[in-house]
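Student:
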Amino acid sequence: MSSTFIITTLVIGLLLAGVLLIFIAYRTGKTTDTTERLHEFVSYQSRTKTNTNQVAPIQQQHFSELFLDRTLIAGVKKLFAYLGKYAPKQTIAETDRKLSIIRNPGNLRAREFFAVRLIFLILGIALAFLMNLRNFGQFGNFLSRGQQGIGATVQTGSQYSNLMLLAGILLIILFSLLPNVWLNAEVSKVKQRIEREFPDALDLLSVCADAGLGFDQAMQRVGEQMQNAIGAEFRRVSSEMEVGVSRADALRNMSQRLDVSELSSFVTIIIQSETLGMRIADVLHSQAEQFRIIRHFKAKEIAYRLPAKMIIPLALLILPALLIVILGPLIPRILTLLG
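In terms of the working numbering, the sequence shown has 76 at position 74, counting the first letter as 1, and numbering is strictly consecutive.
(1) In the DSSP assignment, find the alpha helix (DSSP H) that holds Gly214 and state where it starts and stops.
(2) Return the first residue and the last residue of the alpha helix (DSSP H) that Ile282 is part of.
(3) Enumerate in chain order the residues of its own chain whose CB-to-CB distance from Asn53 is below 6 Å, with the five nearest sequence positions on each side excluded.
(4) Between which residues of its own chain and Arg119 is the CB-CB distance below 6 Å, once the five residues before and five after are set aside?
(5) What's the gap between the Cα of Lys193 and the Cα of Gln258?
(6) Within the continuous alpha helix (DSSP H) that includes Arg119, where are the two ends?
(7) Measure the alpha-carbon distance for Gln222 versus Ala250 and round it to whole angstroms.
(8) Only counting the same chain, and skipping five residues up and downstream in sequence, which positions put a Cβ closer than 8 Å to that of Phe236?
(9) Is the beta carbon of Leu129 sitting closer than 7 Å to the one on Leu18?
(10) Within the 7 Å Cβ cut-off, does Asn106 reach chain B?
(11) Would you call the segment 200-214 and the segment 279-292 touching, i.e. three or more CB-CB distances under 8 Å?
(12) To the nearest angstrom, how far is the alpha carbon of Arg99 from that of Phe268?
(13) Could you check how far apart the C-beta atoms of Val239 and Ala252 are, in whole angstroms? I think they sit under 8 Å.
(14) Among residues of its own chain, excluding the 5 on either side of Ile295, which ones have a beta-carbon nearer than 7 Å to its beta-carbon?
(15) Where does Met256 land, buried or exposed, given buried means 16+ other C-beta within 10 angstroms?
(16) Buried or exposed: Ile326, going by 16 or more other Cβ atoms within 10 Å of its Cβ?
(17) Output the boundary residues of the alpha helix (DSSP H) element that contains Pro334.
(18) Once the 5 residues before and after Val247 are set aside, which same chain residues still bring their CB inside 8 Å of it?
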């Protein structure tokens, strides 16, 4: 295997890794055009208010971009848009739903996430290829020497070659699954936070209903007060109702988006109570009491699982240390007796 080929492969792998890191940095640090325009508008208004004796001239807004945004970042965006075209249509909706649950970090969308998966797969293949350069070199030597090199090729490092080949396959699988594993883990964390915070949100909803607020106003107030996952979902429901979506449809959208059993049952009961004309404050009181009981039983369930989870640390860490402390002084005596 020539040194030029090895250097070329390394350069390609480093370039792919650099493109991925630039995209992640861009997505995490880049603000939207609307936010930038609002900031410039507010700063412009503050400058005009300071000059009360003069009339500020109307100047044309210049939205300058950095050289990196116009060249490299634009090229990366086009590359990700091109790769996202090949995303399977049946996975786009599910990926969009999961990304919306975690609030689209870095304005990441489903097609761009698919492009990230492709780049991770390419990186895994490149790293696996670099790990198995010795195997490819032996194969090239075998082809160049013909039948005479069969014995030497088979006998030279066969176990090492098989181990590196298996490691390369596992590396490709790991890199291909890593983005999905990260996304599912983040979605699971958000769902767990919502399950933990939902009973407190119901208590606040019932208090707001007792204070005379309607269900829509109570949900909006709870969303403003709770700066967490369930508060963000309540704010999203309130925003959807403000733009004309009905209450039932907005609640169903939240239930389908999050897919949390407690939240789905709550939405079903609220919609049914609205259809039957029941008093919303009574429904919220009963639901808050029920979910407090459910949370109490879940806490008991977690506590009952602890003894079973402690078996492995006890067997692997604590019991061997106790055996060493108790039986350690007896070992020299036993050896002297046997000797």
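Beta carbons: idealized from backbone N, C-alpha and C, even for Gly. Quick caveat: nothing in here was measured; it's all calculated off a predicted structure.
Tutor: Reading off the structure:
(1) Gly214 -> no alpha helix (DSSP H), and no H or E assigned at all.
(2) Its alpha helix (DSSP H) spans residues Ile282 to Lys311.
(3) In this prediction, Asn53 has a pLDDT of 47, which is less than 50 and means its spatial position is unreliable; what the coordinates show is noted afterwards. Correct list: empty, nothing qualifies.
(4) Pro181
(5) 13 Å
(6) Ala112 to Met133
(7) 15 Å
(8) Ala203, Met221, Gln222, Val224, Gly225 and Met228
(9) no
(10) Reference to chain B is not applicable here, since this structure consists of a single protein chain.
(11) yes
(12) 20 Å
(13) 5 Å
(14) Exclusion of the five residues before and after Ile295 leaves no residue of its chain whose Cβ lies closer than 7 Å to its Cβ.
(15) buried
(16) exposed
(17) Leu332 to Leu340
(18) Asn255
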